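Residue numbers (this note's numbering): 1 to 156. The C-beta atom is built at its ideal place from N, Cα and C for all residues, glycine as well. These numbers come from a predicted model, not from an experiment.
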């Protein structure tokens, strides 16, 4: 890379850093303004807003199992401009946690359980042999234990 290319690259990186700082300032101002708006609502208005948002999250994420974009655009009726705001306020994390929780609930109802390692099937309980699965995270989040039929933990 020659000196002119290096200078252009540095200039572009500097401009990107400035834009990033401006976006962060804008996000903080929006968050402050939104909190001010929320605190200015009456109790009834806050209840109505809470109900409306939760109803739509339940519809889109639980009943319809929609994607993040689907819920934002089709359930809430937002345009693409809300994509980043949904991430900033934590909705994407909520959406992902709901999906993972739903998957976990479905896993608890399976009737076949297999553990596969590099040598193939290391542990198998066939169809009809599994009545219940229970999952526990132990050792400060370092160990996943799976209890099959409520007995004999299987450390993975």
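If you look at residue 137, you'll find it isn't in any alpha helix (DSSP H); it sits in the beta strand (DSSP E) that goes 133-138. Nearest in C-alpha terms to residue 130, of all of 73, 21, 149, 1, is 149. The Cβ atoms of residue 48 and residue 60 do not sit closer than 9 Å to each other. Approximately 16 Å separates the beta-carbon atoms of residue 144 and residue 110; this is outside 8 Å, ruling out the contact. The criterion of a C-beta distance shorter than 9 Å is not satisfied by residue 135 and residue 124. Around the C-beta of residue 64, fewer than 16 other C-beta atoms lie within 10 Å, and the residue is accordingly described as exposed. The shortest C-alpha to C-alpha distance from residue 28 to any of 6, 3, 146, 89 is the one to 89.
Secondary structure of residue 117 (DSSP, three-state): strand. Going by C-alpha positions, residue 15 is about 31 Å away from residue 68. In this structure, DSSP gives residue 148 an extended state, which the three-state scheme calls strand.
At a cut-off of 4 residues, the continuous stretches assigned as alpha helix (DSSP H) that sit fully inside the region 45-122 are 82-88, 91-107. In the three-state scheme derived from DSSP, where H, G and I count as helix and E and B as strand, residue 130 is classed as coil.
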